[in-house]
Amino acid sequence: MFVLGLAVGSFLNVVIHRLPRMLERAWFTDIASLFGERGWQSPAALSAAMGAGSGYNLVAPRSACPACGHRIRPIENIPVLSYLWLRGRCSACRAPISVRYPVVEMAAAVLSAAVAVRFGFSLAAAAAVVLLWALLALSLIDFDTQLLPDSITLPLVWAGLAFNLFGALTDLRSAVLGAMAGYLVLWSVYWLFKLATGREGMGFGDFKLLSALGAFLGWQLLPVIVLLSSLVGAVVGGALILLARRGREVPMPFGPYLACAGAVALFAGQEITRAYLELL
């Protein structure tokens, strides 16, 4: 599982980097098409973006150095080891390679191994590792772009329901209720905040992500996820405002906090809930 996690982590780096750009190019293509349908002159930027989007996906073109365009050879694409062998620099131009790449690979590997230890060889392990891989990708995409793509969150909801059709992590009734409640809880918070302030407090992607967590883990763990994510988000946000002089009006992605809380709930949600109830 550790080795599998390394390989998947390498692919997740591609998803994190390319998927937001693929979405942007698709949006530009749609806008340019709308301009054409209505007989308007398409701006040059839209036309250029539409042309640039052809042939760009998660498979093609091959990965290359952003500084010099050097195509990454297979031996340079071995998770973690290639980064160490190259000493964190491109083999052609010696431009630095972001340390994020090996960190993501190691994170995916460690999480995968932790799933193997926690769940053993089981359907629960398969469900857990799929969830964690998706959460890792979504966290970094949201951190970079403040987007939680539907192309990940919506299939994740259905995957959670499909796994729990066979009782992987919870029963199907709890999964369905979790998916419904997860969406409606943040949807209600969104509209209450907007009616009270006239501003949007979060994006729709957060609703879908919590719905996916509910579909995988069941409605019983939603309070743990919401409380943990809100607590961590408040602490980190307050620290950024006080220490980094971050303006209160600057938006902050909530997806990474939901993802971290979901991972904690996956491994220890039942224990946290039980300890809390005993404390009360």
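In terms of our numbering, the sequence shown has 19 at position 19, counting the first letter as 1, and numbering is strictly consecutive.
Note that the Cβ used here is the ideal one computed from N, Cα and C, for glycine as well.
I141 has its alpha-carbon roughly 15 Å from the corresponding atom of A107. In the three-state DSSP reduction, P251 falls in the coil class, being neither helix nor strand. In the three-state reduction of the DSSP assignment, A67 falls in the coil class.
In this structure, the straight-line span from the alpha carbon of A275 to that of A212 is close to 25 Å.
In summary, N57 is exposed, with fewer than 16 beta-carbon neighbours lying within 10 Å of its beta-carbon over all protein chains present. In the structure shown, R199 falls within a coil segment according to DSSP collapsed to helix, strand and coil. The residue among W158, A32, N13 and E24 with its C-alpha nearest the C-alpha of I97 is N13.
In the three-state scheme derived from DSSP, where H, G and I count as helix and E and B as strand, P155 is classed as helix. For the 8 Å CB-CB criterion, V226 and C260 do not form a contact.
Residue state for R173 is assigned as helix, using DSSP reduced to three classes. Inclusion of V115 and M1 in the CB contact set at 8 Å is warranted, their separation being smaller than that value.
A check of alpha carbon separations from Q146 across L19, C90 and P155 identifies L19 as the nearest. Less than 8 Å separates the beta-carbon of L221 from that of G269.
Collapsing the DSSP output to three states places P96 in a strand.
Residues of the same chain with a CB within less than 7 Å of the CB of V80, apart from the 5 flanking positions on each side, are L6, P102, E105 and M106 in chain order.
The beta carbon of Y257 sits closer than 7 Å to those of S229, V232 and G233, all from its chain and outside the five residues before and after it, given in chain order. Between the beta-carbon of G178 and that of W219 there is about 4 Å, and that keeps the pair under the 8 Å contact cut. Annotation: the continuous alpha helix (DSSP H) that includes Y83 extends over L81 to W85. Residue burial is scored here from C-beta neighbours: D206 has at least 16 other C-beta atoms within 10 angstroms and is therefore classed as buried. In this model, A125 and L165 are separated by some 15 Å (Cα to Cα). The continuous alpha helix (DSSP H) containing G205 extends over residues F204 to L217. For P223, the enclosing alpha helix (DSSP H) covers residues L222 to L243. DSSP, reduced to helix, strand and coil, places R73 outside both helices and strands of the structure shown, so it counts as coil. In the three-state scheme derived from DSSP, where H, G and I count as helix and E and B as strand, R62 is classed as coil. Taking 8 Å as the cut-off, the beta carbon of F121 is found no closer than this to the beta carbon of L169. Here L266 is not near S112, since their CB atoms are 8 Å or more apart.
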